[in-house]
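Start counting the sequence shown at 0; every next residue gets the next number (numbering that gives the first Met the number 0).
Read the structure below first, then the notes.
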Amino acid sequence: MHEFKYIKGRLYCEDVKVEDLAKRFGSPLYVYSYHTIIDHYLKLKNAFSSIKPLIAYSVKANSNLAVLKALVDKGAGLDIVSGGELYRAIQVRCPMNRIVYASVGKTEREIEEAVRRKILFLNVESLQELESINRISKRLNTITRVAIRVNPDIEPKTHRYITTGRLTNKFGIDFKSAYQILMLRRALPNVKISGLHIHIGSQITDASPYSAAISKMVDFIERLRKKGIELEYLNIGGGLGIIYNHETPQTAQRFAKRISPLLKRSGLKIILEPGRFIVGQAGILVTEVLYTKSTPKKKFVIVDAGMNDLIRPALYDAYHQIFPLEIKGANPRRTEKVDVVGPICESADFFAKERRMPKVKSGDYLAVMSAGAYGFTMSSNYNSRPRIAEVMVVKDNVFLIRKREVYADIVRNEIIPAFLLGL
Ligand code: LLP
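Take a look at the structure:
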């Protein structure tokens, strides 16, 4: 469910006509529905009400401060992966005891910031990282809570680029090594291993890989308990899939029903790190048709957004539905098969291939759907294109939450050395 719907042939976001937004803020444009974001957060929270987990929203999916603030105000925590994301969490005043930090490559400086701030815990992905955290905590005269990220070697049945829980992936630590690290814990007195973490992948539409991974974790936790190792948290990561095309992902309710008994068996406090599930359906990318052209083999619809604005189709061959903002009066039989492409000089710069769509013409607007997660956050200035604006709609109110960049922003940090200027 989301708050994008047609009313009398025009696409609306909550109570606002999307075309009015495109005219007011320009194109291309990211448009987010506040209520869709909050609804999805609450759906998950309510589904797991018997467990009361900490829902740590995964900042990487959509890190706009307004999105973070909206969720933190409703009680969400944040799952971060860098010093930059910690900075964002601080900007929205997220309580530090609701922040968890995962990354295989945390730098000394990033670790120090997280240690000083006393976040809930750092998810450790190697012995060397654990030793660094111990050393830095000793220097700062403190004890830092950590969780071991375990790699449960589970196939999540998703795109290989977003599979993270196989032993061929760089993430986490295998069970045997995790066990050895836990046995070493007394040699590392400035860290307290207080939990275990898994994240098996993203856009997972079925609960089975989760059950399989969590079962393995519960067995491991029981084994540790027998050895006198008591933990406090089990973090099961994110990865819940959404509908982009014809997927039939599990609902939050069904997912919770399936895995809650296992989670209860662990006897630990539970953490979830959903990103896409919360924001994916809550955003669209609005783009204007610049030209249409036919070659002897194809028909192209050339739009003003590019792969620098939404890279998912280029990178993962991801499917996004594309709808015209106006279907009023359109003849549903007048469809054609087209490639929807951007202006960038790469053949991977496409949003759809061989897609049957209603006929569109120059000046029409299109909505690339389900673009709220990994849309803006993965955008870049490639081809020296200013990054686009983001707006948030709350019923009939509209808020600009990121200004469109201007050309000066693109070159702001660049320096021509004096010798090139002949000085
Ligand atoms: N926790 C950890 C440790 C993660 O690495 C991720 C995502 C999440 C949570 C949130 O996963 P989610 O619930 O959003 O699936 N750019 C790709 C997705 C990359 C996911 C990276 N890790 C895409 O556009 O499909």
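Even for Gly, the Cβ is constructed at its ideal location relative to N, Cα and C.
As the structure is a prediction and not an experimental result, all values here were calculated from the model.
Mind pulling the alpha helix (DSSP H) runs of 4 or more residues that sit fully within the stretch 29-116?
-> 33-46, 64-72, 82-90 and 107-116
When the Cα atoms are used, what is the spatial distance from Ile235 to Leu121?
-> Along the sequence shown, read from residue 1 onward, the residue named residue 235 stands at position 236. Along the sequence shown, read from residue 1 onward, the residue named residue 121 stands at position 122. Rounded to the nearest angstrom, the two C-alpha atoms are 14 Å apart.
Name the DSSP beta bridge partners of Ile283, please?
-> Sequence index remark: in the sequence shown, residue 283 carries index 284 (1-based). Bridge partners of Ile283: Val30.
Note the first and the last residue of the continuous beta strand (DSSP E) segment covering Leu309.
-> Looking up residue 309 in the sequence shown gives position 310. Careful: Leu309 lies outside any beta strand (DSSP E) and carries neither H nor E.
Where Gly505 and Lys225 are concerned, what is the direct C-alpha to C-alpha distance, given to the nearest angstrom?
-> Residue 505 lies beyond the residue range present for the chain, which begins at 0 and ends at 422; the question has no answer from this structure.
Give the single residue among Ser293, Ala351 and Glu221 whose Cα lies nearest to the Cα of Leu261.
-> Here residue 261 refers to the residue found at position 262 of the sequence shown. If we check each option's Cα against that of Leu261, Glu221 comes out closest.
Sort Ser131, Ala65 and Lys358 by Cα distance to Asn330 and report the nearest one.
-> To locate residue 330, count along the sequence shown from 1; it is residue 331. For Asn330, the nearest C-alpha among the options comes from Lys358.
Close beta carbons around Ile321, own chain, < 8 Å, minus the five adjacent residues each side | Mapped onto the sequence shown, residue 321 falls at position 322. Once the five neighbours on either side are set aside, the close Cβ partners of Ile321 are Val339, Phe350, Ala351, Arg354, Met356, Leu365, Ala366, Val367 and Met368.
What do you reckon, is the C-beta of Gly341 under 7 Å from a heavy atom of the ligand LLP?
-> Residue 341 sits at position 342 when you count from the first residue of the sequence shown. Answer for Gly341: no, Cβ out of range of the ligand LLP.
Identify the continuous beta strand (DSSP E) that holds Met391 and give its terminal residues.
-> To locate residue 391, count along the sequence shown from 1; it is residue 392. From DSSP, the beta strand (DSSP E) with Met391 extends over Ala388 to Val393.
Where does Tyr11 land, buried or exposed, given buried means 16+ other C-beta within 10 angstroms?
-> In the sequence shown, the residue the question calls residue 11 occupies position 12. Flag for Tyr11 reads buried.
Lys117 Cβ short of 7 Å to the ligand LLP heavy atom set | Residue 117 sits at position 118 when you count from the first residue of the sequence shown. Every heavy atom of the ligand LLP is 7 Å or more from the Cβ of Lys117, so no.
Assign Ser62 to one of two classes, buried (16 or more other C-beta atoms within 10 Å of its C-beta) or exposed (fewer than that).
-> Reading the sequence shown from its first residue, position 63 is the one you call residue 62. Buried, because 16 or more other Cβ atoms sit within 10 Å of the Cβ of Ser62.
Counting Cβ pairs, one atom from each stretch, are 3 or more of them under 8 Å apart for the stretch 70-77 and the stretch 37-44?
-> yes
Per the contact definition of three or more C-beta pairs closer than 8 Å, is the stretch 122-138 in contact with the stretch 179-195?
-> yes
Between Ala255 and Phe47, which are expected to be in contact by the criterion C-beta below 8 Å, what is the C-beta distance as a whole number of angstroms?
-> Residue numbering aside, residue 255 sits at position 256 when the sequence shown is read from its first letter. Residue numbering aside, residue 47 sits at position 48 when the sequence shown is read from its first letter. The pair is a contact, with the Cβ atoms about 5 Å apart (cut-off 8 Å).
How long is the line joining the alpha carbons of Thr106 and Ala113, rounded to whole angstroms?
-> If you number the sequence shown from 1, residue 106 lands on position 107. If you number the sequence shown from 1, residue 113 lands on position 114. Whole-angstrom Cα-Cα distance: 11 Å.
Please go through the same chain and pick out, in chain order, the residues whose beta-carbon is closer than 7 Å to the beta-carbon of Lys297, but skip the five residues on each side of it.
-> As a first step, residue 297 is located in the sequence shown; it is residue number 298 there, counting from the start. Around Lys297: Asp338.
Nearest-angstrom Cα distance between Asp14 and Glu325?
-> For the purposes of this step, residue 14 is taken as residue 15 along the sequence shown, with counting starting at 1. For the purposes of this step, residue 325 is taken as residue 326 along the sequence shown, with counting starting at 1. Looking at the two C-alpha atoms, the distance is approximately 16 Å.
Expected contact under 8 Å - CB spacing of Ile400 and Pro385 to nearest Å = The residue given as residue 400 occupies position 401 in the sequence shown. The residue given as residue 385 occupies position 386 in the sequence shown. Their Cβ separation, rounded to whole angstroms, is 16 Å, which puts Ile400 and Pro385 out of contact at 8 Å.
Are the Cβ atoms of Ala101 and Arg148 separated by less than 8 Å?
-> Residue numbering aside, residue 101 sits at position 102 when the sequence shown is read from its first letter. Residue numbering aside, residue 148 sits at position 149 when the sequence shown is read from its first letter. Yes, Cβ-Cβ distance for Ala101 and Arg148 is below 8 Å.
Between which two residues does the beta strand (DSSP E) containing Met377 stretch?
-> Taking the first residue of the sequence shown as 1, we reach residue 377 at position 378. Looking at the DSSP string, Met377 is not in any beta strand (DSSP E), and its letter there is neither H nor E.
Does the distance from the C-beta atom of Ile153 to that of Ala206 stay below 8 Å?
-> The residue labelled residue 153 in the question sits at position 154 within the sequence shown. The residue labelled residue 206 in the question sits at position 207 within the sequence shown. Cβ atoms of Ile153 and Ala206: not closer than 8 Å.
For His319, verify whether its CB is less than 7 Å away from any heavy atom of the ligand LLP.
-> Position 320 of the sequence shown, counted from the start, is the residue given in the question as residue 319. Answer for His319: no, Cβ out of range of the ligand LLP.
Name the DSSP beta bridge partners of Ala146, please?
-> Residue 146 sits at position 147 when you count from the first residue of the sequence shown. For Ala146, which the question treats as bridged, DSSP gives the partners Asn122 and Gly194.
Tell whether a beta-carbon distance below 8 Å holds between Leu166 and Asp173.
-> Locating residue 166 in the sequence shown gives position 167, counting from the first residue. Locating residue 173 in the sequence shown gives position 174, counting from the first residue. Yes, they are a contact pair.
How would you call Lys175, buried or exposed, if buried means at least 16 neighbouring beta carbons within 10 angstroms?
-> Your numbering for residue 175 matches position 176 in the sequence shown. Exposed, since its Cβ has fewer than 16 Cβ neighbours within 10 Å.
Going by other Cβ atoms of all chains shown within 10 Å of its Cβ, with 16 needed for buried, is Glu413 buried or exposed?
-> For this step, residue 413 is matched to residue 414 along the sequence shown. Exposed, since its Cβ has fewer than 16 Cβ neighbours within 10 Å.
Can you name the start and end residues of the alpha helix (DSSP H) that Phe276 belongs to?
-> What you label residue 276 is simply residue 277 of the sequence shown in a count that begins at 1. Residues Arg275 to Val278.
Please report the residue range of the beta strand (DSSP E) in which Glu353 lies.
-> The residue labelled residue 353 in the question sits at position 354 within the sequence shown. Start and end: Phe349 to Pro357.
Reduced DSSP secondary structure (H/G/I, E/B, other) of Ala212 = For this step, residue 212 is matched to residue 213 along the sequence shown. It is helical.
Got a sec? Which residues, its chain only, sit under 7 Å from Ile79 by beta carbon, not counting five neighbours each side?
-> For the purposes of this step, residue 79 is identified with residue 80 of the sequence shown, where counting begins at 1. Once the five neighbours on either side are set aside, the close Cβ partners of Ile79 are Val58, Leu85, Ala88, Ile98 and Tyr100.
Quick one: what does DSSP say Phe322 is sitting in, helix, strand or coil?
-> For this step, residue 322 is matched to residue 323 along the sequence shown. In this structure, Phe322 counts as strand in the three-state DSSP scheme.
Collapsed DSSP secondary structure at Glu335 in the structure displayed = As a working mapping, residue 335 is identified with position 336 in the sequence shown. Reduced to three states, the DSSP call for Glu335 is strand.
Leaving out five residues on either side along the sequence, give the residues of the same chain with a beta carbon under 6 Å from the beta carbon of Lys292.
-> Numbered from 1 along the sequence shown, position 293 holds the residue referred to as residue 292. So the qualifying residues of the chain are Phe299.
On the premise that Pro155 lies in contact with Ile203, defined as a C-beta separation below 8 Å, what is that separation, rounded to the nearest angstrom?
-> Taking the sequence shown and counting its residues from 1, one reaches residue 203 at position 204. Taking the sequence shown and counting its residues from 1, one reaches residue 155 at position 156. Indeed, because the Cβ distance is near 5 Å, the residues count as touching under 8 Å.
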